[in-house]
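Comments concern the structure below.
Number of protein chains: 2
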Amino acid sequence: MTAAPAAGAPASPGSSTASKSEQAYEWLHEQIVSGDLAPGARLVLSQVAEKLDVSVVPVREAVRRLEAEGLVTFEKNVGATVAGIDPTEYLFTMQTLSLVEGAATALSAPSVTAEDIAAARAVNERMRAFLDPDPLHFDPVGFTALNREFHSVLFERCPNPHILELVHRGWNRLKALRGSTFSYVPERAAQSIEEHEQLLDLIERGAPTSEVELVARRHRSATLDAYLAHTGENPGFPTL
Amino acid sequence: MTAAPAAGAPASPGSSTASKSEQAYEWLHEQIVSGDLAPGARLVLSQVAEKLDVSVVPVREAVRRLEAEGLVTFEKNVGATVAGIDPTEYLFTMQTLSLVEGAATALSAPSVTAEDIAAARAVNERMRAFLDPDPLHFDPVGFTALNREFHSVLFERCPNPHILELVHRGWNRLKALRGSTFSYVPERAAQSIEEHEQLLDLIERGAPTSEVELVARRHRSATLDAYLAHTGENPGFPTL
DNA sequence: TATACGATTTTCGTATACGATCCGCGACTC
DNA sequence: GAGTCGCGGATCGTATACGAAAATCGTATA
Numbered sequence: 001m002t003a004a005p006a007a008g009a010p011a012s013p014g015s016s017t018a019s020k021s022e023q024a025y026e027w028l029h030e031q032i033v034s035g036d037l038a039p040g041a042r043l044v045l046s047q048v049a050e051k052l053d054v055s056v057v058p059v060r061e062a063v064r065r066l067e068a069e070g071l072v073t074f075e076k077n078v079g080a081t082v083a084g085i086d087p088t089e090y091l092f093t094m095q096t097l098s099l100v101e102g103a104a105t106a107l108s109a110p111s112v113t114a115e116d117i118a119a120a121r122a123v124n125e126r127m128r129a130f131l132d133p134d135p136l137h138f139d140p141v142g143f144t145a146l147n148r149e150f151h152s153v154l155f156e157r158c159p160n161p162h163i164l165e166l167v168h169r170g171w172n173r174l175k176a177l178r179g180s181t182f183s184y185v186p187e188r189a190a191q192s193i194e195e196h197e198q199l200l201d202l203i204e205r206g207a208p209t210s211e212v213e214l215v216a217r218r219h220r221s222a223t224l225d226a227y228l229a230h231t232g233e234n235p236g237f238p239t240l
Numbered sequence: 001m002t003a004a005p006a007a008g009a010p011a012s013p014g015s016s017t018a019s020k021s022e023q024a025y026e027w028l029h030e031q032i033v034s035g036d037l038a039p040g041a042r043l044v045l046s047q048v049a050e051k052l053d054v055s056v057v058p059v060r061e062a063v064r065r066l067e068a069e070g071l072v073t074f075e076k077n078v079g080a081t082v083a084g085i086d087p088t089e090y091l092f093t094m095q096t097l098s099l100v101e102g103a104a105t106a107l108s109a110p111s112v113t114a115e116d117i118a119a120a121r122a123v124n125e126r127m128r129a130f131l132d133p134d135p136l137h138f139d140p141v142g143f144t145a146l147n148r149e150f151h152s153v154l155f156e157r158c159p160n161p162h163i164l165e166l167v168h169r170g171w172n173r174l175k176a177l178r179g180s181t182f183s184y185v186p187e188r189a190a191q192s193i194e195e196h197e198q199l200l201d202l203i204e205r206g207a208p209t210s211e212v213e214l215v216a217r218r219h220r221s222a223t224l225d226a227y228l229a230h231t232g233e234n235p236g237f238p239t240l
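If you read the protein sequences in the order shown, they are chains A and B.
Its first residue numbered 1, the first sequence is counted upward by one per residue in UniProt numbering.
Its first residue numbered 1, the second sequence is counted upward by one per residue in UniProt numbering.
Spelled out as structure tokens, the structure:
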């Protein structure tokens with residue numbers, strides 16, 4: 001993952017020594033987004049503490065931060081579990097991401113350089129390569145990773161740090177709830193790549209902010225719609 | 001403040017005893033949004049702990065949660081301070097709020113009842129009353145409170161809990177950084193009331209979601225623009 | 001007088017200890 | 001035999017204690 005700092009992490013480059021609380025946070029965060037800790041898994045403070053060779057106090061703080069980010073749920077006197085089992089959660093997360101990512105992409109657009117565009121195109125071509133050989137053993141995980149890399153290039157220059165962080169959080173949540181949309185609806189992959197081209201063209205030729213936002217938002221909404229169509233579900237709430 | 005639960009607060013009504021960590025969180029949250037703790041104020045853990053008659057450990061947790069919400073900033077080995085001094089912070093917060101509140105209002109619209117509309121109209125009339133007597137001693141604080149009440153009615157039915165929480169956080173941040181826009185640009189108040197009417201009409205007649213979103217977003221952006229025009233500043237970043 | 005250095009103080013960071021709460025299992029009663 | 005009560009293990013919640021880092025202030029020196 002290229003440019004995807006742990007959302008909310010202080011991550012000051014010059015920080016000499018990371019506090020243990022920070023270590024615990026990073027370790028847990030990594031375990032969760034990498035999928036080593038599956039959704040629903042219990043997080044026992046003392047066990048985590050022992051594993052990292054620290055006391056429970058820093059671990060508690062780390063868990064609280066993860067809770068605020070929505071990566072874990074916490075119940076008083078019961079404990080923490082890795083969040084994200086519920087499928088409606090997936091819907092809400094995708095919808096929120098379409099909102100904030102659309103905005104972030106639009107706000108980034110004016111600052112995106114020709115090099116950025118070129119880099120994004122390169123990533124998109126690598127995604128296309130994933131498609132070609134044989135539609136049958138398509139690798140949704142690798143494809144999704146590239147997908148994030150592609151979009152990262154386009155939204156990382158967002159000047160509004162709040163919105164940018166919301167985008168990071170959204171992506172992290174999605175990564176935590178394993179199986180991306182592309183696992184369920186591989187057909188969507190090809191269309192996605194085409195929309196990426198369209199988006200790049202738009203940015204390249206300096207299209208109005210509002211238009212970039214709309215296209216970026218729809219791009220993600222379309223992925224969500226594909227998922228819904230596949231599961232035969234009804235959103236249960238209005239679409240933006 | 002009618003419907004404005006502390007964002008992210010577990011707040012289960014049946015929770016018999018609130019943990020001390022929870023108490024500390026609520027107390028600090030209240031102090032901050034009410035303005036009793038001004039932006040920039042230092043939060044010394046031991047002092048807060050003593051004041052609440054608890055140990056520092058629960059206070060630390062509370063501060064971490066507030067940090068994740070953006071109400072306080074935290075520096076390693078230095079301590080926590082109430083966030084929100086920077087004027088650019090204000091810009092970013094308003095911009096983010098315009099994004100998420102616009103969406104929340106649009107998503108709520110289909111669920112808004114005739115009673116809701118009536119309630120909102122009533123609030124808007126009370127706002128108008130604030131205006132009438134004499135433009136000179138206009139009360140921006142009271143006006144802002146009503147303003148939040150008005151908008152609360154329109155976005156609280158948002159079915160996406162993530163987006164709704166983001167809206168709450170945005171409003172809380174704004175409240176923390178004292179002096180609303182209306183303090184600086186009282187002229188904006190009158191126009192704001194008119195836009196409220198317009199928004200209500202739109203929702204009442206079941207306008208398309210996208211239109212509601214646009215109007216709600218612009219309504220907030222316009223307040224931001226008024227502020228910028230007043231300070232003579234340039235956004236420094238694109239507008240949505 | 002300005003500056004650099006070092007001691008002191010303040011405050012944070014973490015470990016350890018102990019009480020409180022919840023959950024599961026077995027015994028007792030109807 | 002089914003349901004309920006009570007006990008014990010597991011885990012969380014918080015207090016206290018001590019070490020570490022940073023800020024502050026005073027002093028000595030150029």
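From the three backbone atoms N, C-alpha and C, an ideal C-beta is built for every residue, glycine too.
query: Does the separation of the CB atoms of B:Thr81 and B:Arg42 fall below 8 Å?
result: Against the second sequence, residue 81 of chain B aligns to sequence position 81. Against the second sequence, residue 42 of chain B aligns to sequence position 42. For the pair B:Thr81 and B:Arg42, the CB atoms are nearer than the 8 Å cut-off.
- prompt: beta strand (DSSP E) containing B:Val72: first to last residue?
  reply: Position 72 of the second sequence, counting from 1, holds the residue named residue 72 of chain B. Here the beta strand (DSSP E) through B:Val72 covers 72-75.
- prompt: Where DSSP assigns a beta bridge to B:Arg42, which residues make up the other side?
  reply: For the purposes of this step, residue 42 of chain B is identified with residue 42 of the second sequence, where counting begins at 1. According to DSSP, which records beta bridges pairwise, B:Arg42 is partnered with B:Thr81.
message: Suppose the cutoff is 7 Å on Cβ atoms and the five residues either side in sequence are ignored; what does the same chain contact list for A:Ala62 look like?
response: Position 62 of the first sequence holds residue 62 of chain A. The residues are Ser21, Ala24, Tyr25, Leu28.
Among B:Phe150, B:Gln191, B:Phe138, B:Thr93, nearest to B:Ala226 - alpha-carbon criterion: Counted from its first residue, the second sequence places residue 226 of chain B at position 226. B:Ala226 has its Cα closest to that of B:Gln191, out of B:Phe150, B:Gln191, B:Phe138, B:Thr93.
task: Mind listing the chain A neighbours of B:Arg60? Cutoff is C-beta to C-beta under 7 Å, in chain order.
output: The sequence position of residue 60 of chain B within the second sequence is 60, counting from 1. Residues of chain A passing the Cβ test: Glu61.
- request: Evaluate A:Asn124 with the Cβ neighbour count: other Cβ atoms within 10 Å of its Cβ, from every protein chain shown; 16 or more gives buried, anything less gives exposed.
  value: The residue given as residue 124 of chain A occupies position 124 in the first sequence. Classification of A:Asn124: buried, given that the 10 Å Cβ count is 16 or more.
task: May I ask you to report which of helix, strand or coil DSSP gives A:Glu156?
output: The residue given as residue 156 of chain A occupies position 156 in the first sequence. DSSP, read as helix, strand or coil, puts A:Glu156 in coil.
Beta carbon of A:Ala83 nearer than 8 Å to that of A:Gly70: Stepping through the first sequence from its first residue, residue 83 of chain A is reached at position 83. Stepping through the first sequence from its first residue, residue 70 of chain A is reached at position 70. The answer is yes: Cβ separation under 8 Å.
task: Taking only the alpha-carbon atoms, compute the straight-line gap between A:Val212 and A:Val167 and give it to the nearest angstrom.
output: Looking up residue 212 of chain A in the first sequence gives position 212. Looking up residue 167 of chain A in the first sequence gives position 167. One C-alpha to the other measures close to 16 Å.
message: Suppose contacts are defined by Cβ-Cβ distances below 8 Å. Is B:Leu154 in contact with B:Val185 by that definition?
response: Position 154 of the second sequence holds residue 154 of chain B. Position 185 of the second sequence holds residue 185 of chain B. Not closer than 8 Å, so no.
task: Can you grab the Cα-Cα spacing for the pair A:Asp116 / A:Ser152, in whole Å?
output: The residue given as residue 116 of chain A occupies position 116 in the first sequence. The residue given as residue 152 of chain A occupies position 152 in the first sequence. If you take the alpha carbons of A:Asp116 and A:Ser152, they lie about 10 Å apart.
message: Does the segment 157-173 of chain A come into contact with the segment 95-102 of chain A, if we say contact requires no fewer than three beta-carbon pairs (one atom in each stretch) closer than 8 Å?
response: yes
field: Secondary structure of B:Ser221, DSSP reduced to three states
entry: Walking along the second sequence from the start, residue 221 of chain B turns up at place 221. Helix.
query: Cβ of A:Arg64 less than 8 Å from any chain B Cβ?
result: In the first sequence, counting from the first residue as 1, residue 64 of chain A sits at position 64. Judged by the 8 Å Cβ criterion, A:Arg64 is in contact with chain B.
query: Taking only beta-carbon atoms, is A:Glu101 less than 8 Å away from chain B?
result: Start at 1 with the first residue of the first sequence, and residue 101 of chain A comes out as number 101. Cβ-Cβ to chain B under 8 Å: no for A:Glu101.
- prompt: Straight-line CA distance for residue 242 of chain B to A:Gly35?
  reply: For residue 242 of chain B there is no data in the structure shown, the boundaries of chain B being 1 and 240.
- prompt: Residues of chain A with CB under 8 Å from B:Thr93, in chain order?
  reply: Walking along the second sequence from the start, residue 93 of chain B turns up at place 93. What B:Thr93 touches in chain A: His162.
query: Which of the residues in the segment 76-90 of chain A, read from start to end, lie with their CB under 7 Å from any CB of chain B?
result: Lys76
Nearest to B:Glu204 (by Cα), restricted to the options B:Ala106, B:Leu224, B:Val59: Here residue 204 of chain B corresponds to residue number 204 of the second sequence, with the count starting at 1. Nearest C-alpha to B:Glu204: B:Ala106.
- prompt: Going by other Cβ atoms of all chains shown within 10 Å of its Cβ, with 16 needed for buried, is A:Gly142 buried or exposed?
  reply: Numbered from 1 along the first sequence, position 142 holds the residue referred to as residue 142 of chain A. Answer is exposed; the Cβ neighbour count stays below 16.
- request: State buried or exposed for A:Gly170, treating a residue as buried only when at least 16 other CB atoms are found within 10 Å of its CB.
  value: As a position in the first sequence, residue 170 of chain A is number 170, starting the count at 1. A:Gly170 is buried by the Cβ-count criterion.
- prompt: With a Cβ-Cβ cutoff of 8 Å, do A:Ala68 and B:Ala122 count as a contact?
  reply: The count along the first sequence starts at 1 and reaches residue 68 of chain A at position 68. The count along the second sequence starts at 1 and reaches residue 122 of chain B at position 122. For A:Ala68 and B:Ala122, no; Cβs fall outside 8 Å.
query: At least one CB of chain B closer than 8 Å to the CB of A:Ser34: is that the case?
result: Here residue 34 of chain A is taken as the residue at index 34 of the first sequence, counted from 1. So, not an interface residue.
message: I'd like to know whether the C-beta atoms of B:Ser180 and B:Thr231 end up nearer to each other than 8 Å.
response: Translated into the one-based positions of the second sequence, residue 180 of chain B becomes position 180. Translated into the one-based positions of the second sequence, residue 231 of chain B becomes position 231. Result no, Cβ atoms of B:Ser180 and B:Thr231 do not sit closer than 8 Å.
- request: Anything in the segment 141-157 of chain B with a Cβ closer than 7 Å to a Cβ of chain A? List those residues in chain order, please.
  value: none
message: Distance check for B:Leu131 and A:Pro10, CA to CA, integer angstroms please.
response: Walking along the first sequence from the start, residue 10 of chain A turns up at place 10. Walking along the second sequence from the start, residue 131 of chain B turns up at place 131. With a pLDDT of 41 at A:Pro10, under the threshold of 50, the predicted position of this residue should be treated as unreliable, though the coordinate-derived value follows. Their backbone Cα atoms lie some 44 Å apart in a straight line.
query: Taking 8 Å as the CB-CB cut-off, is A:Leu166 touching chain B?
result: As a working note, residue 166 of chain A is residue 166 in the first sequence. Answer yes: the Cβ-Cβ gap between A:Leu166 and chain B drops below 8 Å somewhere.
query: First and last residue of the alpha helix (DSSP H) that includes A:Arg121?
result: By one-based count along the first sequence, residue 121 of chain A stands at place 121. Residues 114-131.
Per-residue DSSP class, three states only, for A:Ser183: As a first step, residue 183 of chain A must be located in the first sequence, where it is residue number 183. Of the three classes helix, strand and coil, the one that applies to A:Ser183 here is helix, per DSSP.
message: Given this structure, state the Cα-to-Cα distance separating B:Ala4 from B:Ser108, to the nearest angstrom.
response: Here residue 4 of chain B is taken as the residue at index 4 of the second sequence, counted from 1. Here residue 108 of chain B is taken as the residue at index 108 of the second sequence, counted from 1. Low confidence applies here, because B:Ala4 scores a pLDDT of 40, under 50, leaving its location unreliable; read the following figure in that light. If I take the Cα positions, the gap works out to 16 Å.
task: Tell me, to the nearest whole angstrom, how far the beta carbon of A:Ala120 is from that of A:Phe150; I am working on the premise that it is less than 8 Å.
output: Start at 1 with the first residue of the first sequence, and residue 120 of chain A comes out as number 120. Start at 1 with the first residue of the first sequence, and residue 150 of chain A comes out as number 150. Contact holds; Cβ gap of about 6 Å.
query: By DSSP, does A:Pro208 sit in helix, in strand, or in coil?
result: Within the first sequence, numbered from 1, the residue matching residue 208 of chain A stands at position 208. A:Pro208 falls in the coil class under three-state DSSP.
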